[in-house]
Structure formats: structure tokens, C-alpha cells
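Just below is one structure, and these are the notes that go with it.
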Amino acid sequence: MQFRTTVLAARQTATGLPVPDDVVTALGGGRRPAVTVRLNGYSYRSTVAVMGGQNLVPLAAEHRAAAGVEAGQEVVVDLELDTEPRTVEPPAALAAVMDDADRAAFAALSPSKQKAHALAVDGAKTDATRDRRVQAVLVALRG
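In terms of the working numbering, the sequence shown has 62 at position 75, counting the first letter as 1, and numbering is strictly consecutive.
This is the structure we're talking about:
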């Protein structure tokens, strides 16, 4: 579904794409559908959220930069219902020390929680930081 909207500055650095109610309904995935967003030839996966009574697709800084858009700009957005499973592979440093129970616990997490753990480990700038973060993830998985 294609529509025009203005990139909304939600907070200091957060932005979103307002999505009309009729577009959300036409997608057929409920009130908070998983979607693929296409913006200026750039695509990313997200979920429609309701904030302050308004349907919004989050637009992170990395996606704004890749699509070449900024807050206040009018854009043409193409949304498509995303029915593909959302999976995140644990980073190599984490996968190397996970046992079967850890893998099962990781798989049971929501995709956003999996992604947060993966980004924390992958974002480490030093081996010591990465090792600490791997241990923190293992502690969280073992609960």
C-alpha cells in the first residue's frame, strides 16, 4: 500500500511515519501488523505501533540516513504486510559458548530482544567488552 505522509519528529531524536487507519486496515494484519517499509528505494522491516492514538512506523536514524530523509519531510511510503518469520542469529562470540538450553532460551525470546542482545555483543569495541556482554546475555538467558 502506497501513501504520502510527513516524517514526524516524535521526541528529541526519534522519528516515525504516520500511517493512515485505512492503510492499516487494508494490510489485514491487525492493529499492529509487521510490515516491510519501502522509502526512497530503501527497505526495512518494522511493526506498526499505536502511539498517542496515532498509527506510526518507527524510523530510526540509520533508516533515515539510508533513505535520505529527515523529520518534517513529506515522503511516499510503500508498506507491505510482512509474513516472513523474524529471526536473529546469535553473534559468533555468543553462539560459540551457548549450550542447547541457551539456544532454546534465545529462540524463545522476541525478535526485538534477540536483536538487542546481538547488537550489544556485536557493538563491543574491545574483546573484554564483548566477553562481558556475552556473559551478561548468558546470565539473562539462564535467568
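By construction, the Cβ of each residue, glycine as well, lies at the ideal position given by its N, Cα and C atoms. On a predicted model such as this, the values are computed, not experimentally measured, just so you know.
For residue i, which three-state DSSP category applies?
i: E67; result: strand
i: P98; result: helix
i: V11; result: helix
i: L122; result: Position check: residue 122 holds Gln in this sequence, whereas Leu was assumed. Three-state result, Q122: helix.
i: E57; result: coil
i: T116; result: helix
i: A139; result: This structure gives no information on residue 139, because the portion of the chain shown stretches from -12 to 130.
i: R32; result: strand
i: R129; result: helix
i: D86; result: coil
i: V108; result: helix
From the DSSP output, which residues share a beta bridge with residue i?
i: N42; result: V37
i: A48; result: Beta-bridge pairing links A48 to no other residue.
i: V24; result: Y31 and L66
i: G3; result: L(-5) and P45
i: F(-10); result: V64
Out of curiosity, what's the CA-to-CA distance linking residue i and residue j?
i: L128; j: M(-12); result: 39 angstroms
i: V84; j: V126; result: 12 angstroms
i: L26; j: S97; result: 26 angstroms
i: Y29; j: A53; result: 7 angstroms
i: L89; j: L81; result: First, the residue type needs correcting, since residue 89 is Asp and not Leu in the sequence shown. Cα to Cα, D89 sits roughly 10 angstroms from L81.
i: A91; j: P77; result: 12 angstroms
i: L68; j: G16; result: 7 angstroms
i: V11; j: R32; result: 15 angstroms
i: V108; j: G130; result: 18 angstroms
i: R18; j: K100; result: 21 angstroms
i: T0; j: R51; result: 11 angstroms
i: P(-2); j: T(-8); result: Looking at the sequence itself, residue -2 is Arg, so the reference to Pro does not match. Cα-Cα distance, rounded: 18 angstroms.
i: R119; j: T113; result: 10 angstroms
i: A94; j: A79; result: 15 angstroms
One question on the structure: do residue i and residue j come within less than 8 angstroms of each other, judged by their Cβ atoms?
i: V44; j: V75; result: no
i: L14; j: V22; result: yes
i: A111; j: R117; result: yes
i: G40; j: A(-4); result: no
Open item on the list: Does the segment 61 to 69 come into contact with the segment -12 to -1, if we say contact requires no fewer than three beta-carbon pairs (one atom in each stretch) closer than 8 angstroms?
Closed with: yes
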